[in-house]
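Below is one structure, written out as structure tokens; comments come after it.
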Amino acid sequence: MVHFLLAIETVLPLFLVIGVGLLFSRTKAFTPQWIDILNKYALYIGFPALVIASLLSLEPDPELFTQLIVHTSVYTITCMLLAFPIAKLFRLSGKMLRTLFLILPFGNFAYLGIPVLQSAYGDDILPTAAILSAIYLFWLLTLGLVLIEAFGDDKISPKKLLLSLLRNPLLLSVFAGLAIALFNINLPYVAEKTITLFSNSVTAIILFALGLFLGTQEFGKPKDWYTVGILVIATMLVLPAIYFSYLKITGINDMLAKASVLDAAMPMGLTPYVLTVQYKLESKLAARVVVLGTFLSVFIIPLWMVWLG
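My numbering puts the first residue of the sequence shown at 6, with every later residue one more than the last.
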């Protein structure tokens, strides 16, 4: 019990910032444009700066990063492919199948995952957190979109998929940060200080924006939350537990295993939700998965922290 309370204390400031955003969404000063502006700041400036800053002190270890890439990719692809037997077993619609491609594998690995991992394990975990985010994002913008389009009415556009990767600031920042680390590029002090200032700003801003988003969602009827609850339990408890067992068998570095499982246990992210809106999928269901998962993560994430030691 003491360890659980300590774990809650570790991540509670993050969720208090989300709570402040939720409360602010109820004031007259708030307009929906706040969410869009803050999210764009985080996507185009704050998170790229955080990723680059975290990779500046990276000491490359090809073997460890190869393990991280392989095991995270196996988990992500497996979760996506699980949508097929689930849809067949429960006779789900094609739209629901395509929605599951986004709900099952893709948690809030950047906006919430990076701050949580930093709070749990310190600044030394930031390079790992950045690379984990990049791996999930890569599969989201490649295989994820391919499956959505392949089982929809639209034709797959390789050019569109390539552009979505090349234009993503978070993914580009990972490549930039890795290049700086691998080639031992020394940035001027002024540039490094500026990047650090931007990186220090993003955590509070994006968590506040997440609170604003939660505050704008409709509650709906109790029966609407039955499927939502099942999906949250599956994605935040069941699948990460299976992943944890898998990583134990592989013998991966203990800290990488902890970071990987904790990241996998994050609630559904905003980027997959936005894609459900863009592709006209089950966006209301996805929004409720984000809402319930984020609220329950106040308790689920500390539970994972205690379990992982």
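From the three backbone atoms N, C-alpha and C, an ideal C-beta is built for every residue, glycine too.
When rounded, the separation of the alpha-carbon atoms in Asp229 and Gly298 is 15 Å. Leu217 has its alpha-carbon roughly 35 Å from the corresponding atom of Arg96.
Only residues of its own chain outside the window of five on either side were considered, and among them Ala209, Leu212 and Phe213 have a CB closer than 6 Å to the CB of Val22, listed in chain order.
With distances taken between CA atoms, Met241 lies nearest to Phe300 out of Ser169, Phe180, Phe300 and Ile257.
Contact check between the stretch 186-202 and the stretch 260-271: fewer than three CB pairs, one atom from each, fall below 8 Å, which does not count as touching. If you draw a straight line from the Cα of Leu202 to the Cα of Tyr126, it comes to about 21 Å. In the DSSP assignment, Gln123 falls within the alpha helix (DSSP H) that extends over Gly118 to Tyr126. Residue pairing by DSSP puts Met273 in a beta bridge opposite Gly112. Ser206 carries a helical assignment under DSSP once its states are collapsed to helix, strand and coil. Counting other Cβ atoms within 10 Å of its Cβ, Pro163 stays below 16 and is therefore classed as exposed.
From the listed residues Leu87, Ser204 and Ile185, the smallest Cα separation to Gly149 is found for Leu87.
The residue from Lys165, Ile153, Arg31 and Gly118 with its alpha-carbon nearest to that of Ala139 is Gly118. Contact annotation: Ala47 and Ser204 have beta-carbon atoms that are not nearer than 8 Å. The residue among Gly220, Leu43 and Pro307 with its C-alpha nearest the C-alpha of Val25 is Gly220. With a beta-carbon spacing of about 6 Å, Val16 and Ser124 fall inside the 8 Å limit used to define contacts.
In the DSSP assignment, Ala34 falls outside any alpha helix (DSSP H), carrying neither H nor E.
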